[in-house]
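Read the structure below first, then the notes.
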Amino acid sequence: MIHYLNTIRQRSTRMFMTIARIMLPVMVIVYIADRLGLVRLAGEALAPAMGLLGLPPQAGIIWVTTVITNIYGGMASMAALSDSLQMNVAQVSALGAMMLFAHNIPTEQSVVRRAGASALLTGGLRLVISILYGAAVTWTCQAMGWLQDPVSFAWMGQDAGLTQGPPDVLTWLLSTVQSLLLVLVVIIGMVILLDLLERLGVTRLVTRLLTPVLRLSGLEERAAPLTTVGVLLGLAYGGALIIDAAEREDFSPRTRLLALSWLSLCHALIEDTLLILALGANIWVILVLRGLLTLGILAMIAALTQPHTRWGRHLAAKAASPSMCSD
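Per the working numbering: the sequence shown = residues 6 to 332.
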């Protein structure tokens with residue numbers, strides 16, 4: 006038992022330190038940019054583009070805040086703007102899906118890069134798919150007259166506020182420490198749970214059940230359990246597991262790209278989906294269709310990265326290189 010606990014402690018500590026070294030510097034940079042008002046300025050610059058997507062100008066501030074910080078930051082911006090915000094279910098669903106596809110990009114794509122995939126490729130994929138999907142939802146719903154009921158934001162109140170203004174460093178430090186401690190607790194729990202599931206044979210059962218989906222997405226079966234954890238809990242957690250497993254099991258660059266592309270587009274399926282549902286979004290738009298689209302994109306990436314293709318040969322060359330650079 007002592008040997009088992011020591012093994013769990015060492016593995017969890019190694020994974021946590023890897024993730025913390027990635028997350029903390031990015032969190033500091035994002036905090037400074039947010040306090041200087043740069044996030045809000047970027048959102049205001051996107052106001053005309055939001056009109057082309059069929060969304061109100063305020064959606065630019067909400068989306069950019071989400072992209073640079075996280076979904077909670079986007080919701081805080083939405084609360085601050087709720088007095089002047091008028092949206093229907095289709096628009097909330099479109100904006101919510103955009104927030105789900107593209108949030109916390111600086112931190113999460115840093116994890117992706119460390120795990121062995123291109124942060125530029127996967128981050129760009131998230132942003133492009135976010136915009137295209139949002140536009141498709143608003144345009145289609147407007148043309149067909151779907152989901153046009155207005156959504157009230159009165160319940161959000163006015164106490165959230167945007168974060169621009171004098172710095173409250175102590176509050177931010179406490180929040181950051183809490184976030185990192187939560188990451189540590191979750192990582193320890195995941196390591197123990199995955200070990201238990203492996204010993205009970207549950208991992209093999211889940212893998213067999215996921216085989217049809219894995220074949221379509223091109224992902225190796227041995228990467229399925231780790232990817233599933235990230236899909237359910239979050240990219241940082243799934244990325245930590247992939248970083249750890251990739252070093253032990255020698256995942257190919259193609260497997261890393263597919264797994265991390267999947268996690269980039271669709272992760273924290275439970276928590277994040279519930280948050281956006283609370284805003285008044287439609288579950289078919291933000292969960293079902295988004296999941297199917299992710300699966301289709303992964304199938305396309307898998308086809309493009311087959312060994313006989315140009316991308317496949319490029320990834321094979323990276324695997325043979327003595328120094329693997331993710332970008």
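Just so you know, even glycine gets a beta-carbon here, dropped at the ideal spot from N, CA and C.
- From the DSSP output, which residues share a beta bridge with P155? N93
- Task: Starting from F21, follow the alpha helix (DSSP H) in both directions and report where the run begins and ends.
- Result: I7 to R40
- Query: Which whole-angstrom value describes the C-beta separation of V156 and V97, a residue pair presumed to lie in contact below a C-beta threshold of 8 Å?
  - Reply: 5 Å
- Item | D200 - DSSP class collapsed to helix/strand/coil | helix
- Tell me the start and end of each unbroken alpha helix (DSSP H) in the segment 96-140 that is at least 4 residues and wholly inside, in chain order. 110-120
- Item | N-terminal and C-terminal residue of the alpha helix (DSSP H) that P230 is part of | A229 to L238
- Query: Can you check whether the CB of Y242 is closer than 8 Å to the CB of V236?
  - Reply: no
- Message: Here's the rule I'm using: 16 or more other beta-carbon atoms within 10 Å means buried, otherwise exposed. How should V5 be labelled?
- Response: The structure shown has nothing for residue 5, since the chain only spans 6 to 332.
- At least three beta-carbon pairs within less than 8 Å, the segment 24-39 to the segment 79-95: Of all C-beta pairs linking the segment 24-39 to the segment 79-95, fewer than three are shorter than 8 Å, placing the two stretches out of contact.
- Item | Environment of P53 [buried if 16+ CB atoms lie within 10 Å] | By the neighbour-count rule (16 or more Cβ atoms within 10 Å), P53 is not buried but exposed.
- When M149, A122 and G129 are compared against I248, the one with the closest alpha-carbon: A122
- Message: Taking the alpha-carbon of T145 as reference, which of A120, R318, R118 and L58 has the nearest alpha-carbon?
- Response: Ranking A120, R318, R118 and L58 by Cα distance to T145 puts L58 first.
- From T74 to R45, what does the alpha carbon distance come to, in whole angstroms? A straight-line Cα-Cα distance of about 12 Å links T74 and R45.
- At a cut-off of 7 Å, is G129 close to the ligand NAD when judged by its beta-carbon and the heavy atoms of the ligand? In terms of ligand content, the structure shown is empty, and the ligand NAD therefore cannot be addressed.
- Task: Using only alpha-carbon positions, find the residue among R26, L152 and S257 that is nearest to S115.
- Result: From the listed residues R26, L152 and S257, the smallest Cα separation to S115 is found for R26.
- On the premise that A102 lies in contact with I288, defined as a C-beta separation below 8 Å, what is that separation, rounded to the nearest angstrom? In fact, because the Cβ distance is near 11 Å, the residues do not count as touching under 8 Å.
- Item | Candidates W68, S222, R227 and G194: closest to R209 by CA position | R227
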